[in-house]
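The structure appears right after this line, and notes come after that.
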Amino acid sequence: MPLKKVLVGLVSSYRYDKKVVDTTIANLEAAKLHEAIQTRQLHSDDVIYILSTRNLGQLRASFERYKQDYGYSIDQHITSCGKGLLESIMKVVILCIDSPEKHFAEVVRTSVIGLGTDEDALTRAIVTRAEIDMLKVRGEYNKMNSSSLDQAVADDTSGDYRDFLMTLLGLGI
Numbered sequence: 213m214p215l216k217k218v219l220v221g222l223v224s225s226y227r228y229d230k231k232v233v234d235t236t237i238a239n240l241e242a243a244k245l246h247e248a249i250q251t252r253q254l255h256s257d258d259v260i261y262i263l264s265t266r267n268l269g270q271l272r273a274s275f276e277r278y279k280q281d282y283g284y285s286i287d288q289h290i291t292s293c294g295k296g297l298l299e300s301i302m303k304v305v306i307l308c309i310d311s312p313e314k315h316f317a318e319v320v321r322t323s324v325i326g327l328g329t330d331e332d333a334l335t336r337a338i339v340t341r342a343e344i345d346m347l348k349v350r351g352e353y354n355k356m357n358s359s360s361l362d363q364a365v366a367d368d369t370s371g372d373y374r375d376f377l378m379t380l381l382g383l384g385i
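Going by this note's numbering, the first residue of the sequence shown is number 213, and it counts up by one from there.
In structure tokens, the structure reads:
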């Protein structure tokens, strides 16, 4: 039930889209997030409200304040809550908010690693980031792996599908 509460809150709420950041709110919400993590209540109404309604700048300010006040990043503290599905989802949500390029680099990596290709995940990651921040995703991928993102995609795909992805990556056919 807590997992359902979090997921429904994240997909069904209105996110304030102005770029205004209020440091007072960041301070208060960092404290609320810390309390929820300390009491292992990641599904609390406060956490869901914060993550589902605040703009990205406000959330990043709250996460930064959290790190300043408590010495660790919020995702590091969530790890101390356990390794269940709820904790994993909350870490992904925070990663997507705080550093989407790292998240998408990881999605690309897991989609091409091992036998076979997770074409759905690979396509979604490249298509959604192609005109937004693919250079950052590429940079993060290169930091995380021994091969380049372009090479990994080229090695793990073929034919028209490879040509399509390589075009989106800016390498043409």
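We put the CB at the ideal spot given by N, CA and C, even for glycine.
Annotation for Ala273: the continuous alpha helix (DSSP H) segment containing it runs Leu268 to Tyr282.
Annotation for Gln363: the continuous alpha helix (DSSP H) segment containing it runs Leu361 to Asp368.
The residue among Leu215, Glu313, Gly221 and Leu383 with its C-alpha nearest the C-alpha of Arg266 is Gly221.
For the options Lys230, Leu215, Tyr284 and Ser224, the alpha carbon positioned closest to that of Ala242 is the one of Tyr284. Within the stretch 304-373, the complete alpha helix (DSSP H) segments at least 4 residues long are 312-324, 331-341, 346-356 and 361-368, listed from N- to C-terminus. Contact between Glu318 and Leu254 fails: their C-beta atoms lie close to 21 Å from each other, not under 8 Å.
In terms of CA proximity to Asp310, Arg272 leads the group Ser323, Gln250 and Arg272.
Judged by their CB atoms, Val324 and Val349 are not nearer to each other than the 9 Å cut-off.
Rounded to the nearest angstrom, the gap between the Cα atoms of Tyr278 and Asn239 is 8 Å. The C-beta of Met213 has fewer than 16 other C-beta atoms within 10 Å across all chains shown, which makes the residue exposed. For Lys244, the enclosing alpha helix (DSSP H) has its first and last residue at Thr235 to Gln250.
Cβ neighbours of Leu377 within its own chain (closer than 8 Å, five residues either side excluded): Leu334, Thr335, Ile338, Val365 and Thr369. For Asp258, the enclosing alpha helix (DSSP H) starts and ends at Asp257 to Thr265. Around the CB of Met302, 16 or more other CB atoms lie within 10 Å, so the residue is classed as buried. Cys293 places its beta carbon less than 9 Å from that of Ile249.
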